[in-house]
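S.K.: This structure is in structure tokens; I'll ask about it shortly.
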DNA sequence: TTCCTTGCAAACGATTTGCATTGGA
DNA sequence: TCCAATGCAAATCGTTTGCAAGGAA
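Protein chains in written order, with this note's numbering: chain A, 1472 to 1619; chain B, 1472 to 1619.
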């Protein structure tokens, strides 16, 4: 039985090969840590999760390489903390829930009908502002289930 | 004829007085710099704009105080740059346009009907995710008029 | 072999803090 | 007056880089 994350890894392998970027063991470790999460992770969180098997400097370089290759994407949230997550084409278009109590960030996929409405809003705003939208993100702040 | 920014300053004075926070000359300078902009400003931009009359360390402290008092709000955008702007209750609820070419960030107010649709989406997403929304932000990335 | 990648340590830029001084309510 | 706010310099934090050593094509 095919494991969906096997498939994910194969997609990433193909992408990196196309871009002539080597998939080394350290890079695999970092990708696995990001794939395991259900939201964007900070560099410090990734570092902790992989139990420091990849030194910080290499971790930063790895993240930069993967971002340039389009495998992961940056997310900017509270307190100037930079977070990374798998790119949309790997994990699907989604939005974020930011808890104002615990500071956590979670991914959320919204139903197609709502996503359609949202795209409609974005395109109308773009026309009105003489701006050409290529992407959008809805960030919802509030209290998560745990902190309610 | 009353100047709208006089009114703004009075609102801020009242708010700070309520919170027993002193409105010193340095803080006035910083607030004026933020009120003059039409989008969130980075610390470096503010520092330049006030011609270094407030040293960096004091500027950081001032921004922290104003944020705690609810007069200004943080905004997180590309490259881990932290930006500040007047709080929503002072400048009205709005969203952001992020240019992927020049890195600029601009404020945009969207028409009430679209804002209503957006609130509707947010509340439906919240219910579905067992999350209690208190605020939302639509960040639209793309090409600004200048960079098209 | 030939580059690319890694690890370490040092460098860097942004932000924070300690402390003595100044200034506002 | 009296405590909060300021300015400076030093400390700290997250991130980047130079360089020599290790590893994959």
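We put the CB at the ideal spot given by N, CA and C, even for glycine.
Write down the C-beta distance between residue 1500 of chain B and residue 1483 of chain B rounded to the nearest angstrom, noting that I regard them as a contact closer than 8 Å.
M.R.: For the purposes of this step, residue 1500 of chain B is taken as the residue at position 29 of the second chain. For the purposes of this step, residue 1483 of chain B is taken as the residue at position 12 of the second chain. With 8 Å as the limit, residue 1500 of chain B and residue 1483 of chain B do not qualify as a contact, their Cβ atoms being about 13 Å apart.
S.K.: Mind checking if residue 1574 of chain B is an interface residue toward chain A, Cβ cutoff 8 Å exclusive?
M.R.: Position 103 of the second chain, counting from 1, holds the residue named residue 1574 of chain B. So, not an interface residue.
S.K.: Return the bridge partner residues of residue 1547 of chain B from the DSSP annotation.
M.R.: Along the second chain, read from residue 1 onward, the residue named residue 1547 of chain B stands at position 76. Looking at the DSSP assignment, residue 1547 of chain B forms a beta bridge with B:1553.
S.K.: For residue 1595 of chain B, does the three-state DSSP call read helix, strand or coil?
M.R.: As a position in the second chain, residue 1595 of chain B is number 124, starting the count at 1. Residue 1595 of chain B falls in the helix class under three-state DSSP.
S.K.: Would you check if the stretch 1599 to 1614 of chain A and the stretch 1557 to 1577 of chain A touch, i.e. whether three or more CB-CB distances between them fall below 8 Å?
M.R.: The answer is yes - the stretch 1599 to 1614 of chain A touches the stretch 1557 to 1577 of chain A, with three or more Cβ pairs under 8 Å.
S.K.: Does the beta-carbon distance from residue 1530 of chain A to residue 1518 of chain A come in below 8 Å?
M.R.: In the first chain, counting from the first residue as 1, residue 1530 of chain A sits at position 59. In the first chain, counting from the first residue as 1, residue 1518 of chain A sits at position 47. Contact: yes.
S.K.: Mind listing which residues of the stretch 1590 to 1604 of chain B have their C-beta closer than 9 Å to chain A's C-betas, in chain order?
M.R.: From the stretch 1590 to 1604 of chain B, only 1591, 1592, 1593, 1595, 1596, 1597, 1599, 1600, 1601, 1602, 1603, 1604 have a Cβ closer than 9 Å to chain A.
S.K.: Examine chain B for any beta-carbon lying closer than 8 Å to the beta-carbon of residue 1556 of chain A, and answer yes or no.
M.R.: Residue 1556 of chain A sits at position 85 when you count from the first residue of the first chain. It does not; no Cβ of chain B falls within 8 Å.
S.K.: Rounded to a whole number of angstroms, what is the C-alpha to C-alpha distance between residue 1601 of chain B and residue 1619 of chain A?
M.R.: Residue numbering aside, residue 1601 of chain B sits at position 130 when the second chain is read from its first letter. Residue numbering aside, residue 1619 of chain A sits at position 148 when the first chain is read from its first letter. Near 9 Å, if we compare the C-alpha coordinates of residue 1619 of chain A and residue 1601 of chain B.
S.K.: Any beta carbon of chain A sitting closer than 8 Å to that of residue 1616 of chain B?
M.R.: By 1-based counting over the second chain, the position of residue 1616 of chain B is 145. It does; some Cβ of chain A falls within 8 Å.
S.K.: For the stretch 1516 to 1545 of chain A, list every residue whose C-beta sits within 9 Å of some C-beta in chain B, in sequence order.
M.R.: Going along the stretch 1516 to 1545 of chain A in chain order, one finds 1545 with a Cβ nearer than 9 Å to chain B.
S.K.: Residues of chain B with CB under 9 Å from residue 1609 of chain A, in chain order?
M.R.: For the purposes of this step, residue 1609 of chain A is identified with residue 138 of the first chain, where counting begins at 1. Near residue 1609 of chain A (Cβ distances below 9 Å), the residues of chain B are 1589, 1592, 1593, 1596, 1607, 1608, 1609, 1610.
S.K.: Residue 1608 of chain A bridges to which residues according to DSSP?
M.R.: To locate residue 1608 of chain A, count along the first chain from 1; it is residue 137. B:1610.
S.K.: Residues in the same chain with beta-carbon distance under 8 Å from residue 1538 of chain B, minus the five sequence neighbours each way, listed in chain order, please.
M.R.: Reading the second chain from its first residue, position 67 is the one you call residue 1538 of chain B. Around residue 1538 of chain B: 1544, 1545, 1555.
S.K.: Can you round the beta-carbon distance between residue 1542 of chain A and residue 1561 of chain A to whole angstroms, since I take them to be within the 8 Å contact cut?
M.R.: Counting from 1 along the first chain, the entry for residue 1542 of chain A is found at position 71. Counting from 1 along the first chain, the entry for residue 1561 of chain A is found at position 90. 7 Å between Cβ atoms; contact.
S.K.: Can you check which of these residues, B:1552, B:1481, B:1557, is closest to residue 1507 of chain B by C-alpha distance?
M.R.: For the purposes of this step, residue 1507 of chain B is identified with residue 36 of the second chain, where counting begins at 1. Considering only alpha carbons, the answer is B:1557.
S.K.: Return no unless some Cβ of chain A is closer than 8 Å to the Cβ of residue 1510 of chain B.
M.R.: Position 39 of the second chain, counting from 1, holds the residue named residue 1510 of chain B. Answer no: the Cβ-Cβ gap between residue 1510 of chain B and chain A never drops below 8 Å.
S.K.: The alpha helix (DSSP H) that contains residue 1518 of chain A, what's its start and end?
M.R.: By 1-based counting over the first chain, the position of residue 1518 of chain A is 47. From DSSP, the alpha helix (DSSP H) with residue 1518 of chain A extends over 1514 to 1520.
S.K.: In the DSSP assignment, what are the bridge partners of residue 1578 of chain A?
M.R.: Here the question's residue 1578 of chain A lines up with position 107 in the first chain. Paired residues: A:1567.
S.K.: Tell me which same chain residues have a C-beta within less than 6 Å of the C-beta of residue 1552 of chain B, skipping the five on either side of it?
M.R.: On the second chain, position 81 is the one that residue 1552 of chain B refers to. Hits under 6 Å: 1513.
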